[in-house]
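Enquirer:
Residue numbers (my numbering): 10 to 992.
#1: Which whole runs of the beta strand (DSSP E) in the stretch 510-552 are 3 residues long or more, in chain order?
#2: How is residue 158 classed by DSSP in three states: helix, strand or coil?
#3: If we ignore side chains and look at the alpha-carbon of each, how far apart do residue 803 and residue 899 end up?
#4: Which residue or residues does DSSP assign as beta-bridge partners of residue 211?
#5: Once you ignore the five residues that flank residue 150 on each side, which residues in its own chain have a CB closer than 8 Å to its CB?
#6: Would you check if the distance between the CB atom of residue 673 and the CB atom of residue 701 is smaller than 9 Å?
#7: Report yes or no: do three or more beta-carbon pairs, one from the stretch 212-224 and one from the stretch 571-582, lie closer than 8 Å?
#8: Excluding the 5 residues flanking residue 839 on each side, which residues of the same chain have their C-beta closer than 8 Å to its C-beta?
#9: Could you name the residues of the same chain whose beta carbon sits closer than 6 Å to that of residue 339, not counting the 5 residues immediately before and after it, in chain order?
#10: If we ignore side chains and look at the alpha-carbon of each, how far apart do residue 940 and residue 800 end up?
#11: Straight-line CA distance for residue 99 to residue 114?
#12: Specify, as a first and last residue, the run of the beta strand (DSSP E) that residue 726 falls within.
#13: Counting beta carbon pairs with one atom in the stretch 278-297 and one in the stretch 198-215, are three or more of them shorter than 8 Å?
#14: If you reduce the DSSP assignment to three classes, tell me which class residue 269 lands in.
#15: Between the Cα of residue 387 and those of 207, 128, 565, 618, spot the shortest distance and give me the residue it belongs to.
#16: Report all residues from its chain with a CB closer than 7 Å to the CB of residue 511; omit the five preceding and five following residues, and keep chain order.
#17: Name the two residues that bound the continuous beta strand (DSSP E) containing residue 52.
#18: Can you tell me the Cα-Cα spacing of residue 867 and residue 904, whole angstroms?
#19: Does residue 180 come out as helix, strand or coil in the three-state DSSP assignment?
#20: Does the contact criterion of 3 or more C-beta pairs under 8 Å hold for the stretch 167-177 versus the stretch 258-278?
#21: Report the rounded CA-to-CA distance for residue 836 versus residue 420, giving the unit in angstroms.
#22: What residue from 276, 928, 706 has the CA that sits closest to residue 946's CA?
#23: Within 10 angstroms of its Cβ, does residue 60 collect 16 or more other Cβ (buried), or is it exposed?
#24: Under the rule that 16 or more other beta-carbon atoms within 10 Å means buried, what is residue 283, buried or exposed?
#25: Helix, strand or coil for residue 934, going by three-state DSSP, please let me know.
#26: How about residue 869 and residue 919: do their beta carbons lie closer than 9 Å?
#27: Here's the rule I'm using: 16 or more other beta-carbon atoms within 10 Å means buried, otherwise exposed. How should residue 768 be labelled?
#28: Ignore the nearest five residues each way along the sequence and tell me which others in residue 1002's own chain have a CB closer than 6 Å to its CB.
#29: Do the stretch 66-75 and the stretch 36-55 touch if we need at least three Cβ pairs shorter than 8 Å?
#30: Taking the alpha carbon of residue 908 as the reference point, which residue from 364, 884, 827, 369 has its own alpha carbon closest?
#31: Who pairs with residue 1048 in a beta bridge, going by DSSP?
#32: Compare the Cα-Cα distances from residue 591 to each of 294, 496, 644 and report the closest residue.
#33: So residue 403 packs on residue 450, CB below 8 Å; how close in whole Å?
#34: Since residue 102 contacts residue 141 with CB under 8 Å, what's their CB separation in whole angstroms?
#35: Leaving out the 5 sequence neighbours to the left and right, which residues in its chain are closer than 6 Å to residue 81 when beta-carbon positions are compared?
#36: Give me the residue from 681, 813, 914 with the minimum Cα distance to residue 988.
See below:
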C-alpha cells in the first residue's frame, strides 16, 4: 500500500467527521436504542424513535430498489445513527466495505436550500447516503485486498475510489432519477448553474471536487457533477457509466481515471470540457429566450454591489436601513457578519470619486480617468460579527433601533440549537432571548409583543407563537400547528395592516410528503387557511414578502429553468410575474414609492438590485394552480414508492444499544523521533462508532535500534456520565543508546496500571472535566535501582473561549494534585533513599488570542514534587500508543529531547507559539531545578480525531522540527513524525 494511499485514507477519515469541529455529533452517555432489521442497525435516542423506525423501513425499501436498479448490494449490515447535532439539514456516509455506516440528521431542509426539492427529507437523505455506500463500499474482487480490508480499517479506507465530484455527483444523480425530484431537477439550481455558464464561470475539471474561496465551490461536486454524469449517460449510455463502477472494484486495481478511460472514448477531463461547451451553448440560447420581452428600462438595476454568500436582507420600518448577513470564505476561514447599510445614496463616496478624477486630470489632462461604478457602495452604519463561530441568521427589525436574529447556541457538547438574540444598534448590546428553542425562520408582530416562528425539534416541524413581552420573553405561548414529520414549515410572514392594528393573519410556505411547496395565508384567530395560486408546473417556491398595505404577496417561484418574482394581488385575485427570469432572483423586499429590492445570484455571490414596479415587465399569469402535486414525471420507470412516515415494527426488533456493534481492526503505527528512537506499533482495536465501549491491545518495538520495546492495553467505557478508563503497560528502554544526550541509566523496565474516572461538563464554550486517577507502577534498571509506587490524584481540565471573529481569546487550565507512596526504598534514581512517600502537582495554564488572522499563545507548565521524593521527575521523550502521557505523571515529555535528558523534583516550562494553519511556530524554555536550562524552538503540529470508525478514533499525528539549545552544551536539531493512538 502506497504511503499516499494511507495518507489519503486518514485524510478521508478525518474529513468525514470534520463536522464535529463545533460539537461532537453524538453523546455516548445518552439512552441509546437499536432497531435491527435484516440489513440495517438503526441507532437512536428515545426522542427520535418515530423518525428512526420510519427510516428503517425506508432503508429496506431503498436497498431493494438499488439492488433492482443496478444489481449491486451491500452484504454487510449497515449501522445508521439518527442524530441532530446542528439543528440543520445534513448527513454523511462512511463507505468502508466491511464496516459501512451513515448518520442521518433529523432536521429537514428549508424551502430556499439546494436540497428543498424532495419527496420528503427522510427519503431523500436515506437514498442519497445509502447510494454513497453502495457506490463506494463495494468489496474488491481481489481476494487479498478484500481480506486485508476486512482486518485493517485504514487499508479499507485507502481503497475508496473516486473524486469528490464522482461520489457526490452520482448519489445526487440517483436521488433525482429514482424520485423525479432532487438537485438535478431543481429549477433554482438549474438557473444558478446556467448563470455561471453564461458568465464563463463553470468550474474547471480540477475545481469540481474542490471547496475553496470561490462562491458555491463546495456545492459544485453535487450540482455540476450530477449534470455532467447525466450528460455522460445521455450521450454514451447508462451501461457505459455503470461499467466504470464495476471496473474500479476489479481484481485489476484501477482508480477512477483508469476505470473511466477504459470504457469511454476520452478522459473524464476532456469530456467534461465538451460538456461545459454544450451546456454553455444551451444556457446562452435560454438567455435569449428569457430576455425576449425585457429591456434596460424594465429590468432591475444594481443597488448594492456585494459578493459571496448573502442572506436574510431586511428593511427597517422607516426604510432608512437595510440589514443583511454577509458570509465570506477565505484562506483564514469563514467569516459571518450582520451589516446594516444606509439606504440613502453614498454621496460622500461619489464626491471623493469626482475629486480624485479631477486631481488626476489636473496633473495629466491627457489621462483617461476611471468611469463611475454603476452604484457607489452604500455606507455601513453598524456591524455585528458572529460570536464563537455560531453564525447569524434571518435578522428582522423589532423597532427602528433593534434587530432580532437567530444564532446557534451550544446546550451540550453534542447539541447545537437555533436561538433568538436581540441587537440594540445604538448601544451595540446583544441579549439572548431564548434558550434551546430550535427556532429557525420567524417574523415579528408590529407591536413587538410576539413572533411567529417555525420550530424544528427532533425532526418535527411546527409553527409556534413566541412571546416577546418582558414577563414571558422567549416562552412559546401557542402552538399554531401540530408538530409533524410529514410537513415542513418555512418563512412565516405576518400581514401588515394599513391602520397599524395587530396582524390578523400571516403567510408561510409549507411542504408535505411527495408534494411541492405551497404558499398559504393563515388566520390567527381560527386557523383557517387560503392557498395562494401559483404558476402551473411551478417547482421551486420560497421568499414570500407582503406589500406595505398587506394587499399583495410577492414571492419567488421556479419554472422552466428560471426563477422569477411573482405578485399575487388579493384585491383582483390576480397573479403576475414582474421579472423575466434572466436573473436568479431571491429575497424580494418592498420599499416605498413603488420600488422593490431583491437579491440576484451570480458567479461571485449575490448583489442587491432595485426594481421600479411602475416599469416592471408585468406578465399576467392565467394558467395557475392551487395544487401542490407534481405535474411532470421526471423519474425513471424504476422509481421509489411514495414517501411515508410509517412505522413497521414487524421488520425488526428493538433493543438497548449496550456496548454497541463492536467492530475490530488491526492497528499499525510508526513513529520516528530523532532525539530518542523510532517505534513500530502493531495491535488490535475494537469499538463502536459512538466510542461507548472500546479497547486496544498493542505491541511496540524499535525495529531499527531496539532502544524501546513493550506492550500495552487499554479499555474504556463512556456509556455513563462518568467515563471510565483502564490502561496497563510494560516497556523496556535503553536510555544510553538513544540518539541524543540522556542520563546513562542503562536498560530500564517500567510497568504499570492506571485507572481513571472522569466527569465532563460543558456549557456553551466552557468545558470542565473533573477526574480522579489511581495508579500502580514498578521501575527497575540495570543499575539495580528498583522501586514500586502507588499514587492517587485528583484533577481538573477546564477550557473557555470567546471569539468575536475579528478578535478572540481562549484559555485552558489543567491542574492535578498527587499523593503517592513508594513501598520500596530507592525512590530517587540517583541513589538517595527516603521513606518513599511524597506529594506533588502537575499542571498547565494556557492563554491565547487572535486579532483577525494573527494568533499568539502562551503556555506555562509545571510539575512539582515534595523534597522527600528525590529526583523522581524526568524530562524528555514522547507519547505513543505504548506510552500514554496520562499514565506517566512523573515524565515531562518533550519530543525534541531524549527520555531522561534530565531528572529533578521541580520542573517548569514556558512556551510561546504562533499558530499557522496545521503547524505552529514555538519557543520553549525547560527549567529543571539545579539543572541546565534547555531552550528549544521550531515548528510543530498535531492532528487528532475522536470520532469515526474504529481505526481512526483516538488517532494522533505529531510532527515537528526543533533547534535544541542546552545552557552548557552544543546545540542540535531534532525532528519527529509520528502516528499513534491516544486515550
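For every residue, glycine included, the Cβ atom is placed at its ideal position computed from N, Cα and C.
Expert: Inspection of the coordinates gives the following:
#1: With a minimum length of 3 residues, the continuous beta strand (DSSP E) runs that stay inside the stretch 510-552 are 514-521, 527-532, 538-540.
#2: Reduced to three states, the DSSP call for residue 158 is helix.
#3: Using only the alpha carbons, I get a separation of about 15 Å.
#4: Assignment of beta-bridge partners to residue 211 by DSSP yields no partner.
#5: Closer than 8 Å at Cβ, skipping near neighbours: 258, 259, 260.
#6: No. Outside cutoff.
#7: Put simply, the stretch 212-224 does not touch the stretch 571-582. Fewer than three CB pairs are less than 8 Å apart.
#8: Unreliable placement is indicated for residue 839, whose pLDDT of 48 sits below 50; no coordinate value is reported for it.
#9: Excluding residues within five positions, the ones whose Cβ falls inside 6 Å are 222.
#10: The straight-line gap from Cα to Cα measures roughly 26 Å.
#11: For residue 99 and residue 114, the distance between alpha carbons rounds to 5 Å.
#12: Residue range 717-726 is occupied by the beta strand (DSSP E) that includes residue 726.
#13: With a cut-off of 8 Å, the stretch 278-297 and the stretch 198-215 count as touching, because enough Cβ pairs lie within range.
#14: Three-state DSSP puts residue 269 in a helix.
#15: It is 618.
#16: Counting only Cβ-Cβ distances below 7 Å, and skipping sequence neighbours, we find 454, 455, 456.
#17: From DSSP, the beta strand (DSSP E) with residue 52 extends over 49-53.
#18: C-alpha separation (whole angstroms): 18 Å.
#19: In this structure, residue 180 counts as helix in the three-state DSSP scheme.
#20: Touching, yes, given that three or more Cβ pairs across the two stretches are closer than 8 Å.
#21: With a pLDDT of 42 at residue 836, under the threshold of 50, the modelled position of that residue is not reliable, and no figure is offered here.
#22: Ranking 276, 928, 706 by Cα distance to residue 946 puts 928 first.
#23: Note on residue 60: 16 or more other CB atoms within 10 angstroms of its CB, so buried under the neighbour-count rule.
#24: Result: exposed.
#25: Assignment of residue 934 by DSSP, reduced to helix, strand and coil, places it in the strand class.
#26: Closer than 9 Å, so yes.
#27: Around the beta carbon of residue 768, fewer than 16 other beta carbons lie within 10 angstroms, which makes this residue exposed.
#28: Because the chain here runs from 10 to 992, residue 1002 falls outside it and cannot be looked at.
#29: Touching, yes.
#30: Each of 364, 884, 827, 369 was checked against the Cα of residue 908, and the nearest Cα belongs to 884.
#31: The question about residue 1048 has no answer, for the chain in this structure spans 10 to 992.
#32: The shortest C-alpha to C-alpha distance from residue 591 to any of 294, 496, 644 is the one to 294.
#33: With 8 Å as the limit, residue 403 and residue 450 qualify as a contact, their Cβ atoms being about 5 Å apart.
#34: Their Cβ separation, rounded to whole angstroms, is 4 Å, which keeps residue 102 and residue 141 in contact under 8 Å.
#35: Taken in chain order, the residues that qualify are 143.
#36: The residue with the shortest Cα to Cα distance from residue 988 is 681.
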